[in-house]
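To start, the structure itself, in structure tokens.
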Amino acid sequence: MNPAYELKHPDSVFSPSLLFYRDRIIQNIAHAVDLAGSASRLRPHVKTHKCSEVAKLMVEAGILKHKAATIAEAEMLAQVDAPDVLIAYPIVGPNIARLGKLIDQFPKTRFSCLIDDLAVATKLGAFFHAQGKSVDVYLDLNVGMNRTGIMANHEALELFESLMKIDGLNPVGLHGYDGHNHAESVEERTRVAKDVLNQLRNLKLAIEKTGADIQSIILGGTPQFPVYAKLATDPIFDLSPGTFVLHDVGYGSQKYPDLKGFEPAALLLTRVISHPGGNRLTLDLGHKAVAADPGPAPKRVTLLNVEDYTILSQNEEHLVIETPDAAKWQAGDVIYAVPSHVCPTVALHQFANVVQDGEIIAEWAISARNRRITV
Ligand SMILES: Cc1ncc(COP(=O)(O)O)c(C=O)c1O
């Protein structure tokens with residue numbers, strides 16, 4: 005285990021606990037800026053950390069554009085005066101009025117959201133027009149992930165043209181998240197990224213022929229953005245990785261050699277709680293403390309300071325492992341673990357213990373884990 009992760013006084017930390025390594029977070033942010041070529045090309049997704057203090061570190065690094073998935077995440081960003089926040093999500097039902105409240109409550113922040121449906125666009129426009137306002141919207145494109153968005157063809161062109169005519173809406177750009185493009189091989193990711201770029205560039209040209217203006221095109225998560233940073237050097241493209249800031253095993257450098265400058269900045273501190281016979285050890289690291297995805301228990305977490313082990317099972321508050329060294333471990337001994345998927349893991353914790361030089365220096369609230377902050 006890298007000694008930089010070890011706490012000098014772990015006895016003050018209850019378990020299971022989330023640990024954030026402040027210096028490592030700062031280094032991951034700096035590396036992302038480096039890969040992107042400049043802070044102005046980044047629009048990181050806040051969903052990974054949901055924490056104002058991490059957002060402030062990004063703003064201090066010159067990152068002024070942010071992406072969110074929920075109204076609460078957007079509010080948390082506005083609370084730290086982030087100037088430009090895209091809620092990369094379709095806004096429907098009562099969330100339309102919540103977006104309206106956000107805009108009223110935080111005039112220093114320019115909010116925007118995604119649109120992929122004319123009926124939703126009409127409702128959104130009517131709401132803002134009735135208040136004498138308009139909201140910035142990005143056309144959401146399905147570039148292969150098949151989750152949200154419409155295909156980047158004539159239908160997208162028609163929808164963009166319709167958006168231009170709806171009072172209360174201000175269409176500013178295109179959004180295409182290609183989460184499906186996560187092949188380990190850089191060549192394969194580059195091949196898919198070129199296809200996505202072609203789709204977006206062609207649509208941009210078609211839209212511009214109608215006289216409309218595309219101010220920005222947003223694409224890419226952690227495995228894709230280093231590829232886009234090289235392929236799409238035009239500043240119109242914003243890159244929107246999220247996971248990089250805390251990083252995890254899922255995007256680890258064993259799988260993705262081009263991500264090797266990022267290191268895990270969030271660990272879990274767990275303790276041995278029982279020896280239930282044989283070579284088994286039970287830890288207080290259930291799936292209410294580490295995300296239950298991806299897949300079955302052995303895939304969810306990697307233990308750093310246990311050399312030879314197999315994960316046998318996991319319940320809500322228990323993780324059972326088998327190790328030939330079981331007898332060496334005492335109840336209460338500390339084990340450090342890296343989550344496979346850090347984003348949903350962070351959302352399971354109320355706060356993170358912030359570590360610097362082996363000492364806990366603060367507790368940072370994971371405030372946007374709540375579905376509602378005030379709005
Ligand atoms: C719309 C959108 N943009 C960006 C990201 C960030 O991707 P990653 O977690 O791979 O960095 C995500 C991740 O879920 C996303 O859904």
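So the working numbering is basically just the index in the sequence shown, starting at one, shifted up by 4.
Positions of the beta carbon are idealized from the N, C-alpha and C atoms, including for glycine.
Taking residue 132 as the centre and dropping the five residues before and after it, the same chain places the C-beta of 138, 139 and 172 closer than 6 angstroms to its C-beta, in chain order. Beta-bridge partners assigned by DSSP to residue 309: none are found. Taking 8 angstroms as the cut-off, one finds no heavy atom of ligand 1 near enough to the beta carbon of residue 349. Distance check between residue 204 and each of 153, 63, 322 and 350 places 153 closest, using alpha-carbon atoms only. Closest in C-alpha terms to residue 209, from the list 230, 229 and 177, comes 177.
Comparing alpha carbon positions, the residue from 242, 303, 352 and 278 closest to residue 44 is 242. In this model, residue 371 and residue 314 are separated by some 34 angstroms (Cα to Cα). Scanning 86, 65 and 99 for the CA closest to the CA of residue 376 turns up 99.
Unbroken beta strand (DSSP E) stretches of 3 residues or longer found wholly inside the segment 31-98: 69-72 and 88-94, given in chain order. In the DSSP assignment, residue 142 is bridged to 118 and 177. Positions of the beta strand (DSSP E) runs, each at least 3 residues long and wholly inside the segment 213-279, are given as 220-223, 241-243 and 270-278 in order along the chain. In the structure shown, residue 189 falls within a coil segment according to DSSP collapsed to helix, strand and coil. In this structure, the straight-line span from the alpha carbon of residue 290 to that of residue 334 is close to 19 angstroms. With fewer than 16 other Cβ atoms from the protein chains shown falling within 10 Å of its own Cβ, residue 365 counts as exposed.
Residue 160 is positioned such that its CB atom lies closer than 9 angstroms to that of residue 143. The closest CA to that of residue 117, considering only 108, 101 and 94, is found on 94. In this structure, residue 344 keeps its C-beta atom at 9 angstroms or more from the C-beta atom of residue 288. Between the segment 318-329 and the segment 251-268, the count of Cβ pairs shorter than 8 angstroms is below three; the stretches do not touch.
According to the DSSP secondary-structure assignment, residue 21 is paired through a beta bridge with 273. Inclusion of residue 47 and residue 359 in the CB contact set at 9 angstroms is not warranted, their separation being larger than that value.
The Cβ-Cβ distance between residue 67 and residue 91 does not fall below 9 angstroms. Here residue 239 is exposed. Its C-beta has fewer than 16 other C-beta atoms within 10 Å.
Bridge pairing for residue 284: 326 [DSSP]. For residue 141, the closest C-alpha among the options 374, 219 and 332 is that of 219. Here DSSP, grouped into helix, strand and coil, assigns residue 200 to helix. With a threshold of 16 other beta carbon atoms within 10 Å, residue 69 meets it and is buried. Remark: the C-beta of residue 265 is outside contact range of ligand 1, defined as less than 8 angstroms to any heavy atom. Distances from the alpha-carbon of residue 148 to those of 197, 121, 329 and 49 put 197 closest.
A distance criterion of 8 angstroms places the beta-carbon of residue 116 beyond contact range of ligand 1, judged by its closest non-hydrogen atom. Residue 77 and residue 303 have their C-alpha atoms roughly 28 angstroms apart. At a cut-off of 8 angstroms, the beta-carbon of residue 69 does not count as near ligand 1: no heavy atom of the ligand is closer than that. Taken through DSSP and simplified to helix, strand or coil, residue 343 comes out as strand. For residue 162, there is no enclosing beta strand (DSSP E); the enclosing alpha helix (DSSP H) has its first and last residue at 158-169. In chain order, the residues that have a beta carbon nearer than 5 angstroms to some heavy atom of ligand 1 are 49, 92, 181, 225, 226, 244, 245, 246 and 247. Rounded to whole angstroms, residue 191 and residue 262 show a C-alpha spacing of 11 angstroms. Of the candidates 42, 38 and 32, 32 places its Cα closest to the Cα of residue 59.
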